Amino acid sequence: MPAYQFTAIDASGKPQKGVLEGDSARQIRQQLRDKALIPVSVDPVEQKEKHAQSGWFQKGINSYDLALMTRQLSVLVAAAIPLEEAIRAVGKQSEKAHVQNLLMSVRSKVLEGHSLANGLQQSGRFPELYIATIAAGERSGHLDLILDQLADYTENRFAMQKKIQGAMIYPIILMLMSFAIVMGLMTYVVPDIVKTFDQDKAALPWITVALMKASDFIRAAWPFVLAGGAFAIFLLIRFLRTAAGHYAFDRLTLKLPLFGKLSRGINAARFASTLSILTKSGVPLVDALKIGAAVSNNWIIRDSVNVAAEKVTEGGNLATQLERSSYFPPMMVQMIRSGESSGELDRMLERASVMQDREVTTLISTLLALLEPLMLVLMASIVLVIVIAVMLPIVNMNNMI
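In terms of UniProt numbering, the sequence shown opens at residue 1 and continues consecutively.
Set out below in structure tokens:
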């Protein structure tokens, strides 16, 4: 039974929106009239979803909604509730209209005879890893177990994402405040202090002259500096969205001392987690490798995994191919080699995933802990330069006297 999104007006004149199921839009209108509502518009949810996907600002499903939806669906399916009823219950549980519409659209596909994975794929809003894992669960007949594993995976990913975002709040605020303070000093404080030295610039120290020129430049050209900076950021973003720009940025990231290690660690952890949950779900190794490559946000590493997948198809060894790429930690490669030789690749991948997650968490915590004192040292250095530039002429004048 298809779902329809409606807009109606109640007896008090307030608009009401929601989703109802019926055989036709005419039946939905009749249901609304039976509830003392005046129907304004009734549109199929599937049509709404296609229109949203074709728009510029389409509403996707975020990490929190995906983790919550997967956990709820896992609990209902494990309780032997029919799949279409479980999807309907999860959709009604959500307070977000676009999530309700999305799940109702998926439920309509399931009622039409499609598999859950096929319905998710046709919606175009779910990650490839998510769809492939559910498809494997449906093929194996253990959808409840697969959904439970997938719920753990999505919740762990969301927890890591929130931890990084929370840890970045203080350094970002500190950086913005430091920039604002320095700009205020250079624009309002420094000109008033050093204006007494304008008549005798030849006798001033070079650092004072440089500070005065920098202050004059900022006061005169700050609108152009801001506009030029915004335009440069716009061009950089446009360049990074191209294939050449993406490859150049990823190549540069891997060469940087700390950020290169962080990028390799994050992608290795994501690759191991993806491969672990897919192989455990019964997905063939070659297909799992292709999906594992797709979830990598670094295109250089993604291409190396695709090459490894081709070599494995030809009969090659996975650990050997990953070792040749030099983008994966030796410990992880050794664990994969041990899993291949013992026939317990899925279990070793799970251990490697846990190990990589811990290493990445530790590295991120260390970098964030270093960022705060570095920002304080940078701000203190700038203020020290300003103080020296202001005090040197005064000290020289006292020495002359």
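In this text, a Cβ means the ideal position worked out from N, Cα and C, and glycines have one as well. This one's a predicted model, so the numbers in the text were calculated from it and none came from an experiment.
Outcome for Y4 when other beta-carbon atoms lying within 10 angstroms are tallied against a minimum of 16: Y4 is buried by the Cβ-count criterion.
Inter-stretch contact (C-beta, 8 Å, three-pair minimum) for the stretch 250-264 and the stretch 362-370: yes
7 Å Cβ cutoff met for P39 and R26: no
Same chain only: Cβ atoms within 8 Å of R251, ignoring 5 sequence neighbours per side: Answer for R251: I300, listed in chain order.
Three-state class that DSSP yields for S263 in the structure shown: Residue state for S263 is assigned as helix, using DSSP reduced to three classes.
Buried or exposed (CB count within 10 angstroms, at least 16 for buried), E344: Exposed, by the Cβ-count rule.
Of the residues E155, E112, L185, the one placed nearest V390, counting alpha carbons only: L185
Distance CB(R88)-CB(L102) smaller than 7 Å: no
Cβ-based burial, L176 [other Cβ within 10 Å; buried from 16]: exposed
Euclidean distance between Cα positions of V333 and T274: V333 and T274: Cα-Cα distance of roughly 15 Å.
S381 (DSSP reduced to helix, strand or coil): For S381, the secondary structure class from DSSP, reduced to helix, strand or coil, is helix.
Exposure label - F57; buried when at least 16 CB within 10 Å: Low confidence applies here, because F57 scores a pLDDT of 34, under 50, leaving its location unreliable; read the following figure in that light. Flag for F57 reads exposed.
For F328, the three-state DSSP class (helix, strand or coil): coil
Proximal residues to S41 (C-beta, below 6 Å), its chain only, five neighbours per side dropped: T7
For I237, the three-state DSSP class (helix, strand or coil): helix
Which residues DSSP lists as bridging P127, in chain order: DSSP output for P127 lists no bridge partner at all.
Touch test, the stretch 289-304 against the stretch 320-338, Cβ-Cβ under 8 Å, three pairs minimum: Three or more Cβ pairs drawn from the stretch 289-304 and the stretch 320-338 lie within less than 8 Å of each other, which places the two stretches in contact.
Contact under 7 Å by Cβ, L68 with A86: no
As assigned by DSSP and simplified to three states, the class of S41: In this structure, S41 counts as strand in the three-state DSSP scheme.
Neighbourhood of V283 by C-beta, 7 Å cutoff - its chain only, sequence neighbours within 5 removed: Closer than 7 Å at the Cβ level, and outside the excluded window around V283, lie A132, A136.
Chain C contact for Y130 (CB, 7 Å cutoff): Protein chains in the displayed structure number just one, and chain C is not present.
Neighbour-count burial assignment, Q165, 16 or more Cβ in a 10 Å radius: exposed
Cα-Cα separation between H246 and L236, rounded to whole angstroms: Using only the alpha carbons, I get a separation of about 11 Å.
beta-carbon K163 near the ligand NAD non-hydrogen atom, thresh 6 Å: No copy of the ligand NAD appears in this structure; indeed no ligand is present at all.
Coil, strand or helix - A8 by DSSP: Taken through DSSP and simplified to helix, strand or coil, A8 comes out as strand.
Range of the contiguous alpha helix (DSSP H) that encloses H142: Careful: H142 lies outside any alpha helix (DSSP H) and carries neither H nor E.
For A248 and F217, the rounded distance between their alpha carbons: 34 Å
DSSP state of P15 mapped onto helix, strand, coil: strand
Beta-carbon proximity check, D65 vs V99, cutoff 7 Å: yes
Residue from A117, S178, V225 with nearest C-alpha to L147: A117
Sheet register partners of L285 (DSSP bridge): In the DSSP output, where bridge partners are listed per residue, L285 has none listed.
With 16 other Cβ atoms within 10 Å as the buried cut-off, status of Y188: The C-beta of Y188 has fewer than 16 other C-beta atoms within 10 Å across all chains shown, which makes the residue exposed.
Sequence-distant residues of the same chain with beta carbon closer than 7 Å to A369, five excluded per side: none
Beta-carbon spacing of P329, A268 below 7 Å: yes
Helix, strand or coil at L204 [DSSP, three-state]: coil
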